Amino acid sequence: MTLKTVPASIAALLATSLLLAGCNDDSSGDADGGKSSDAPTSASTGSSDSSSGGASESEGASGGELTTANFFDEVLEAQRAAGSFKGRATTTTAGTSMTIETEAKYEGDEALSHGKTTAGSPQQLETVSASGVVYLKSEGLGVPAGKWLKIDSKDPANKDNPFAALAAISDPETALRAMGDLDSLELVGAEKVDGVDADHYKAVMNTKSYAKVLGLPADAATTLPKTIPFDIWIDGDNRPVKYEVSLSVQGVTTSTSQTYYDYGADVEVTVPKDSDTVPLSETGLG
């Protein structure tokens, strides 16, 4: 993730923050963060066993009634109850694709996650999220080899830095407040996703509160569309098994497909020591 791609990357991450972030800190909010999971697959649209959909408040094969008002709460709570997950996300921007494999878990009230790009990705990136802090390791970040870039959105020195938004959205409670209620939610029907029974939903989220809640710089905030439609497949326990979104920012289209699998798997996440990190404020990035 280089400086050139920050605006598009933030937009894509905002669109997927609740479900891609490997998250943290449930202090004060509507819902606690969760985990995601489903078998690693590519991003197509569901497969077999489609049935006709419902409207914005619907109850299908998933674990309970999902509405525009409770959708994110229910999904995050279901992910949290699972305790851990693994996942794979492929993001394509301007014809270039990057795939990152993620694993995450809860330790009490704290959620930790670790992600790493696959060998075939054009840029190698490794990330750890814990306690509202994101750690990044990649070329072009302005840190010595072997060191992690430490991004803490709560650090006053990072105010208005677009990279700090990456840390802000790693807290699912913050991301939830940023998204608010969905504008619409439609149950398309029951489908199989890698052998898992799931309900396919089409939804639209509103971005009007992103800038304020996430502390985005004004120029980054204005690039976001007012609404973002997405597709999501939910299993019988209200956990996501697949998620797809596509949006355009400043003429550049970014598409992301996420799958989720191995709910409840044994997961270990190692948080970098401070001695192995360089604070964002010391890099000149922003």
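Residues -21 to -1, 1 to 265 in mature numbering (1 follows the signal peptide of the UniProt record, and there is no 0) are what the sequence shown spells out, letter by letter.
Glycine included, each C-beta is placed from N, C-alpha and C at the ideal position.
For clarity, every value in this text was computed on a predicted model and none was experimentally measured.
Pick helix, strand or coil for residue i, following the three-state DSSP scheme.
{"i": "Ser185", "result": "Sequence inspection shows Asn at residue 185; the Ser mentioned does not correspond to that position. In the structure shown, Asn185 sits in a strand (DSSP, three-state: E or B)."}
{"i": "Leu166", "result": "strand"}
{"i": "Ala136", "result": "helix"}
{"i": "Leu161", "result": "strand"}
{"i": "Glu44", "result": "coil"}
From residue i to residue j, what does the alpha carbon distance come to, in whole angstroms?
{"i": "Thr81", "j": "Arg67", "result": "6 Å"}
{"i": "Pro101", "j": "Met77", "result": "7 Å"}
{"i": "Ser35", "j": "Gly121", "result": "Any reading at Ser35 must be qualified, since the residue scores a pLDDT of 42, below 50, and its modelled position is unreliable; the value itself is stated next. If I take the Cα positions, the gap works out to 46 Å."}
{"i": "Lys252", "j": "Leu164", "result": "42 Å"}
{"i": "Lys95", "j": "Tyr180", "result": "28 Å"}
{"i": "Thr233", "j": "Asp160", "result": "23 Å"}
{"i": "Ala48", "j": "Tyr222", "result": "19 Å"}
{"i": "Thr238", "j": "Ser254", "result": "34 Å"}
{"i": "Pro135", "j": "Ala109", "result": "18 Å"}
{"i": "Pro219", "j": "Asp245", "result": "19 Å"}
{"i": "Asp210", "j": "Val172", "result": "13 Å"}
{"i": "Gln58", "j": "Asn217", "result": "8 Å"}
{"i": "Thr97", "j": "Gly174", "result": "24 Å"}
{"i": "Ser128", "j": "Val248", "result": "The amino acid at residue 128 is misidentified as Ser; the sequence shows Leu. C-alpha separation (whole angstroms): 17 Å."}
{"i": "Asp52", "j": "Ser132", "result": "23 Å"}
Determine which residues share a DSSP beta bridge with residue i and list them.
{"i": "Glu223", "result": "Asp210 and Ser236"}
{"i": "Phe64", "result": "Ala83"}
{"i": "Asp131", "result": "Val112"}
{"i": "Thr256", "result": "Trp127"}
{"i": "Leu104", "result": "Ser117"}
{"i": "Tyr180", "result": "Leu166 and Ile211"}
Closest to residue i by CA distance: which of the options is it?
{"i": "Leu259", "options": "Ala124, Thr75 and Asn137", "result": "Asn137"}
{"i": "Thr106", "options": "Gly99, Lys126 and Pro135", "result": "Lys126"}
{"i": "Gly87", "options": "Thr70, Thr69, Ala61 and Gln103", "result": "Ala61"}
{"i": "residue 266", "options": "Ala244, Ser225 and Asp131", "result": "Any answer about residue 266 is impossible in this case: the structure gives the chain only from -21 up to 265."}
{"i": "Leu203", "options": "Gly243, Leu264, Thr186 and Phe51", "result": "Thr186"}
{"i": "Leu115", "options": "Thr249, Leu104 and Phe209", "result": "Leu104"}
{"i": "Val183", "options": "Glu247, Leu166 and Tyr85", "result": "Leu166"}
Going by other Cβ atoms of all chains shown within 10 Å of its Cβ, with 16 needed for buried, is residue i buried or exposed?
{"i": "Glu118", "result": "exposed"}
{"i": "Ser92", "result": "buried"}
{"i": "Gln229", "result": "exposed"}
{"i": "Ala83", "result": "buried"}
{"i": "Ala124", "result": "exposed"}
{"i": "Ile(-12)", "result": "The predicted position of Ile(-12) is uncertain, since its pLDDT is 47 and thus under 50; a value taken from the coordinates is nonetheless stated next. Under this definition Ile(-12) is a buried residue."}
{"i": "Lys65", "result": "buried"}
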